[in-house]
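Engineer: Protein chains in written order, with our numbering: chain A, 15 to 213; chain X, 15 to 213. From the three backbone atoms N, C-alpha and C, an ideal C-beta is built for every residue, glycine too.
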DNA sequence: CCTACCGATCGGTAGG
DNA sequence: CCTACCGATCGGTAGG
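Dropping the structure here:
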């Protein structure tokens, strides 16, 4: 190889991304300064700009890594053996587990999309659409009769993501009900909505 | 009376609140400056500070007027004649109609709560809890057997608000499905969740 | 001529 | 109700 990067280049970059996710989640993208991100990483602002060309590029990294993991997790769950109902439950649980394990990233994804420049926002939105399409396909597998009713399928999908995407605003991991139970409840409610729409 | 206010004091103040809601909704609280609010009202920053002591007080006014209207609308719908199922549907429709008619206010309420100082945030959260309690009471009316299971009732309530509170991120008023249909779907899905939890 | 980094400071704009 | 400002802090970049 011609030139080498620091041996721990990727490690440092990930650390920056993680601290930025924490601060953007807590204070908002505009409310968290690059100086705060640097301080959290116990380094200088200049070092941050060595790893990322701009504050918005850090935001993109936070969202992109998270949404890609969500897509992979949902795809894997939706491809498990079992009928459509079981695969929907598996996908719901997989997503909720990821939300819980990456709460800061999820908050940033939900709240700061408009802070991205058009081109980058489009890329993230594209991945989010892949996620919607996975659920849409499961709804269709559940009720092939809804083939012609795309608007209703999309509405059901959005109501489903409404239920789970904002769990972070109220869910208590130390409470009486755990995250996978909530995922199962949301999946069951979606199934009921699908039955009703089809019947 | 000792001193008079301008005859159109309330009208001007409401106009400021409305323009602020629009700008806070579009750019976020931190992303919208007081100068922008003043420009939108075709007046000066100083005039804004004549009507409101701080930028955060405008934010509080936006949230407070909206959440109080939501509580009134939901209470009225929940008190209509009919069984619990019908009253739940009426409450869902009343909320969704208000969300649609006050989209900017709803967006601000959803996204900017943490920008309020503690005391004011507590006041808004108190009103939101009234809203939760209205739905909780309807769930209980639907299934008295859930009396002892407050955690599950609260989870169902939060899943319900998850469905309708973030409609503004995806709902298309010119689309094939109208807002009250979405409200009915959400209400039906909540009922299914309640039945399942009780059975 | 590269990379990895530092302390200091740039031009503008924020709320008040 | 305006212009003229303030102390502070923003995202980003300079030289070395």
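Using DSSP with H/G/I as helix, E/B as strand and the rest coil, what is residue 59/A?
Structural biologist: Indexing the first chain from 1 puts residue 59/A at position 45. Helix, per DSSP.
Engineer: Out of 27/A, 28/A, 23/A, 72/A, which has the shortest C-alpha to C-alpha gap to residue 46/A?
Structural biologist: In the first chain, counting from the first residue as 1, residue 46/A sits at position 32. The option with the nearest alpha carbon to residue 46/A is 72/A.
Engineer: Using a beta-carbon distance below 8 Å, is residue 202/A in contact with chain X?
Structural biologist: Translated into positions along the first chain, residue 202/A becomes position 188. Yes, residue 202/A lies at the interface with chain X (some Cβ there is under 8 Å from its Cβ).
Engineer: Could you give the DSSP three-state label for residue 218/X: helix, strand or coil?
Structural biologist: No statement about residue 218/X is possible, as the shown extent of chain X runs from 15 to 213 and does not include it.
Engineer: Just the chain A side, please: which residues come within less than 8 Å of residue 165/X by C-beta, in chain order?
Structural biologist: Position 151 of the second chain holds residue 165/X. Within 8 Å Cβ-Cβ: 189, 190, 191.
Engineer: Is it right to say residue 189/X is buried, meaning 16 or more other beta carbons lie within 10 angstroms of its own, or is it exposed?
Structural biologist: Within the second chain, the letter at position 175 stands for residue 189/X. An exposed status is given to residue 189/X, since fewer than 16 other beta-carbon atoms sit within 10 Å of its beta-carbon.
Engineer: So is residue 161/A buried or exposed if we call it buried at 16+ other beta carbons inside 10 Å?
Structural biologist: In the first chain, the residue the question calls residue 161/A occupies position 147. It counts as exposed.
Engineer: Mind checking whether residue 66/X and residue 26/X have CB atoms under 8 Å apart?
Structural biologist: As a working mapping, residue 66/X is identified with position 52 in the second chain. As a working mapping, residue 26/X is identified with position 12 in the second chain. Result no, Cβ atoms of residue 66/X and residue 26/X do not sit closer than 8 Å.
Engineer: So, is the C-beta of residue 142/A closer than 8 Å to a C-beta in chain X?
Structural biologist: The residue labelled residue 142/A in the question sits at position 128 within the first chain. So no, residue 142/A is outside the interface.
Engineer: Taking 8 Å as the threshold (C-beta atoms), are residue 171/A and residue 153/A in contact?
Structural biologist: Reading the first chain from its first residue, position 139 is the one you call residue 153/A. Reading the first chain from its first residue, position 157 is the one you call residue 171/A. For residue 153/A and residue 171/A, yes; Cβs fall inside 8 Å.
Engineer: Note down the Cα distance separating residue 142/X from residue 23/A, rounded to an integer number of angstroms.
Structural biologist: Your numbering for residue 142/X matches position 128 in the second chain. Your numbering for residue 23/A matches position 9 in the first chain. Taking the straight line from one Cα to the other gives about 46 Å.
Engineer: Would you call the region 26-42 of chain A and the region 113-129 of chain A in contact, with 3 or more CB pairs under 8 Å?
Structural biologist: yes
Engineer: Which value, in whole angstroms, describes the spacing of the CA atoms of residue 150/X and residue 115/A?
Structural biologist: If you number the second chain from 1, residue 150/X lands on position 136. If you number the first chain from 1, residue 115/A lands on position 101. Cα-Cα distance, rounded: 29 Å.
Engineer: Measure from the C-beta of residue 213/A to each C-beta in chain X and report whether the shortest distance is under 8 Å.
Structural biologist: On the first chain, position 199 is the one that residue 213/A refers to. False, the Cβ-Cβ gap to chain X never drops below 8 Å.
Engineer: Measuring straight from C-alpha to C-alpha, what distance separates residue 29/A and residue 55/A?
Structural biologist: Taking the first chain and counting its residues from 1, the one referred to as residue 29/A is at position 15. Taking the first chain and counting its residues from 1, the one referred to as residue 55/A is at position 41. So the alpha carbons of these two residues sit roughly 7 Å apart.
Engineer: Rounded to whole angstroms, what is the Cα-Cα separation between residue 112/A and residue 57/X?
Structural biologist: Counting from 1 along the first chain, the entry for residue 112/A is found at position 98. Counting from 1 along the second chain, the entry for residue 57/X is found at position 43. So the two alpha carbons sit approximately 48 Å from each other.
Engineer: Establish whether the CB of residue 169/X and some CB of chain A are separated by less than 8 Å.
Structural biologist: The residue given as residue 169/X occupies position 155 in the second chain. Chain A contact via Cβ: present.
Engineer: Please report whether the beta-carbon of residue 53/A lies at a distance below 8 Å from any beta-carbon of chain X.
Structural biologist: Working through the first chain from its first residue, we reach residue 53/A at position 39. Cβ-Cβ to chain X under 8 Å: no for residue 53/A.
Engineer: So is residue 44/A in contact with chain X if we call contact Cβ pairs under 8 Å?
Structural biologist: Counting from one through the first chain, the residue named residue 44/A turns up at place 30. Residue 44/A counts as touching chain X.
Engineer: Looking at the C-beta of residue 207/A, does it have a partner C-beta in chain X at a distance below 8 Å?
Structural biologist: Along the first chain, read from residue 1 onward, the residue named residue 207/A stands at position 193. Yes - at least one Cβ of chain X is within 8 Å of the one on residue 207/A.
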